[in-house]
Structure formats: C-alpha cells, structure tokens
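In the numbering used here, the protein residues as written are -5 to 398.
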C-alpha cells in the first residue's frame, strides 16, 4: 500500500496476526497442520504487503514486552500546502461586474449564486471561502439590513468614486478631449511563458530559479494611487499635530472655534468638516492646462493600457526566450512601434463597454436596493410557521443560510 497506515489499522493487523499465531500453536488446527507462513497469510487476508506486516508485528511485540500494552501511533502526515489559486486583474473585473449586474437583473446578490454563475460561465472555479476573501479584497462587504439578513454589497465609497469617474470621463469624451491613460509595468530578465505544449517523452522547458534584473516600462508618466504619488498639498490635522497648526487650519477655512479650546475639542471640530484633498501632482498638472481624473480603487478593468501591457508582455514572453535584458528592451521597443491604432482602439472599446455596464448597474442600484430592503422587511411580518410548511421555494425565495 502506498498510503500510510493509521494506528487503528495497525492495531487490527497486529490482532489478526496474533490470532493466526495462536491458531498455529494448536496442534489440531489446519494452520498447524499446513505450517502456514503467518506474514503471507495475513497479507493475503488484509491486502497489505508481508514486509509491512512484519514491521507492524515487530513494533507491537516490542511495545507489549515493555509496557504490557500495544498502542500504535499514526504516522506523521506530510502536509504539502495546496497551491493557492491566482487570478489576474481582468478576472477580478469580471467578478466585480457579475456582482454588480444583479441589481439590473433584479436578483438578490448572494455569495452562493455568484459562485454558481462564475462556474457556469467557466470564469472561476474556487471554494466558497476563497470567493468570499476575493470579494472582500475587491471592496465588497456583507451588509446586514433591518431584517437581519445579509446581502453582498459593494462599499459605498468605492461605488461613489466609480460613479463620479465614469460620469466625468463620459463628459470629457463628449467634449472631444484627448484622454491619456497612465500606467507602469515591468519585465524581468527571466520573463517567460508559464506553460507550453509538450509530449510525454519531453522533460519540459527549463525554468530559471531567479527572476533576474528588472526593466521598468512607463507609458507617459507614472501616476497612480500610491502614497508617494498622492502627496496632498495640506494634510488634515490629526491629534499629533501642534495645537497652533490646528488653529491655523481652522482659520484658513473660516471655521469658527474658541481660541481657549483644548486639542481634543479642536479635533472634534476638524473631524466634523470634510475637506476635499488636493494632491500636489494634480495641481502641477492642472497648472499646465490638463485635468486629472483618477481611476477608482480596484478597477484596472477601466484602464485600457492594462490590456496593452498584457498583449505586449505576452508577445515578449513567447518571442524573447532566454534573452538578456538589453535584448528584451530592443524587442519591447519593436513591439511598441508595431502596436497598431486598431489594436489600441479595440482595448479602448472594451473599456468603454465596461464603463457602460458599470454605469447602467450603478444607475438602478439605489432604487433596486431600496425595493429589496422593503421587500425583505415586509417578509418578516409573515407567519414563520406557514413559511416552514411550504414544500418548495418560489423563484424569488433564497436560502438565507448560504449567504455567508
């Protein structure tokens, strides 16, 4: 047997061997008359190799001689951690849109239904818990309504940022503005495809252990929501801020306060006034006549240059095999020069399609969510016993135990 034998199985093997051993001592038994081989007989009866039988019996006799009892122990398990499922940013975008479009379909958003839809469309095959963690990482949460039932809802701040972003970028397109999408990526010297077709006789492509030096690829300028790209002109005071600086911050905004107030009182006044952040890099760009529009968090599917990076890096992995960083740079420059406007237009059209889908779902979300909450609250007044007596669920019924 290739599998390890547990303590209970070892105990049974030892007892079976002992049974035949006692039988063989009886001169009137068939075991004695045929002079059977104990290990071979037990092996044929149980289906375990003779070598394993002898080892278990030997260990059992040692324990019985020392302590008078036989207590086997299960072998230690070789715990190999399962390879964690990795999903790219585009799959994350599909998951987000799937969860969003339930409001358009007027379907209650549940984790179980989303998991089933993703599997049916062959988008993602994962466990219940992995999907839950992915949704939380993408900014979703399980909101408890007044009925104490939990619904899968996206964070309101992310929804607000996305709504304003899509509204503004549609406006800029209608005005005929030139829109420049900014992003950065990188390529390692050992950049290669992860899988390839091969026959059973081949050992497979050799893979470098290290990644090697890194080549940074920049489109126009690098600007994203990283902390070092998001330096604000004037930070909102916190409790560690000097008291005089708190007072000056309030005075510049004409917010009334008492000069004799303590820091804790000033902090309450400051927290009660939300001031829009002004980023230093944004002001520099505005001074040159440009408008800065920041992508909402967790939405790479709204940036067409992400698709361009995927095309370029995929082609580089297929063509620049086992090449140095200098050669990869030359190939990259060639790939960029050969990237046609038609290819870029397809990427842009795909992102515009995503924008329209988000826009459509966000427009109806408020009304549909309010309708859903009202329906759930009205359902709580029904007789619980009559609900339990119903044999089948209607199309709008939901197994609420599977929400989490």
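Yeah, the Cβ is synthetic: ideal placement off N, Cα and C, and Gly gets one too.
Cα-Cα separation, residue i to residue j
i, j, result
"residue 57", "residue 65", "8 Å"
"residue 331", "residue 300", "17 Å"
"residue 350", "residue 90", "14 Å"
"residue 161", "residue 285", "14 Å"
"residue 347", "residue 239", "47 Å"
"residue 250", "residue 323", "59 Å"
"residue 279", "residue 116", "43 Å"
"residue 164", "residue 313", "38 Å"
"residue 41", "residue 2", "15 Å"
"residue 44", "residue 31", "10 Å"
"residue 4", "residue 50", "7 Å"
"residue 399", "residue 11", "Any property of residue 399 remains undetermined from this structure, which presents the chain solely from -5 to 398."
"residue 328", "residue 306", "10 Å"
"residue 241", "residue 267", "14 Å"
"residue 153", "residue 356", "8 Å"
"residue 8", "residue 112", "51 Å"
"residue 135", "residue 151", "12 Å"
"residue 353", "residue -1", "59 Å"
"residue 156", "residue 70", "52 Å"
"residue 309", "residue 81", "20 Å"
"residue 13", "residue 36", "10 Å"
"residue 234", "residue 243", "14 Å"
"residue 287", "residue 172", "13 Å"
"residue 391", "residue 88", "Confidence in residue 391 is poor, its pLDDT being 40 and thus under 50, which makes the residue's placement too unreliable to answer from."
"residue 68", "residue 130", "39 Å"
"residue 304", "residue 53", "60 Å"
"residue 59", "residue 79", "51 Å"
"residue 259", "residue 149", "30 Å"
"residue 343", "residue 262", "47 Å"
"residue 62", "residue 15", "18 Å"
"residue 335", "residue 317", "28 Å"
"residue 169", "residue 107", "41 Å"
"residue 282", "residue 159", "21 Å"
"residue 28", "residue 21", "10 Å"
Close Cβ partners of residue i (< 8 Å) along its chain, the five nearest in sequence each way excluded
i, result
"residue 86", "128, 132, 292, 294, 295"
"residue 227", "272, 273, 274, 277"
"residue 297", "175, 177, 289, 345"
"residue 269", "230, 247"
"residue 326", "181, 209, 211, 306, 310"
"residue 338", "298, 302"
"residue 333", "302, 305, 306"
Contacting residues, own chain, Cβ-Cβ under 7 Å from residue i (five flanking each side not counted)
i, result
"residue 84", "295"
"residue 209", "180, 181, 319, 322, 323"
"residue 341", "298, 301, 302"
"residue 109", "122, 125"
"residue 6", "none"
beta-carbon residue i near the ligand ATP non-hydrogen atom, thresh 6 Å
i, result
"residue 155", "The ligand ATP is absent from the structure shown, which contains no ligands of any kind."
Neighbourhood of residue i by C-beta distance below 6 Å, restricted to the same chain and skipping five residues each side
i, result
"residue 39", "none"
"residue 377", "With a pLDDT of only 38 at residue 377, under 50, the local geometry of the prediction cannot be trusted, and no value is derived from it."
"residue 224", "273"
"residue 264", "231"
"residue 48", "33"
"residue 114", "none"
"residue 237", "257"
Three-state secondary structure (DSSP) of residue i
i, result
"residue 373", "Confidence at residue 373 is low in this model, with a pLDDT of 48, below 50, so its placement is unreliable and no value can be given for it."
"residue 38", "helix"
"residue 83", "helix"
"residue 89", "helix"
"residue 277", "helix"
"residue -3", "coil"
"residue 208", "strand"
"residue 245", "helix"
"residue 178", "strand"
"residue 381", "In this prediction, residue 381 has a pLDDT of 36, which is less than 50 and means its spatial position is unreliable; nothing more can be read from the coordinates."
For this session: Spell out a yes or no on whether the segment 117 to 126 and the segment 241 to 258 are touching, meaning 3 or more CB-CB pairs, one atom from each, closer than 8 Å.
Result: no
Exercise. Can you list, in chain order, the stretches of the beta strand (DSSP E) that have 3 or more residues and sit fully within the segment 140 to 176?
Worked result: 144 to 148
Problem set entry | Segments assigned alpha helix (DSSP H), at least 4 residues, entirely inside the segment 7 to 35 | 24 to 28
Problem set entry | Length-filtered (3 minimum) beta strand (DSSP E) runs lying within the segment 106 to 141 | 134 to 138
Exercise. What residue ranges within the segment 39 to 71 form continuous alpha helix (DSSP H) runs of no fewer than 4 residues, ordered along the chain?
Worked result: 44 to 61
Problem set entry | Segments assigned alpha helix (DSSP H), at least 4 residues, entirely inside the segment 286 to 359 | Runs of the alpha helix (DSSP H) inside the segment 286 to 359: 298 to 313, 319 to 331.
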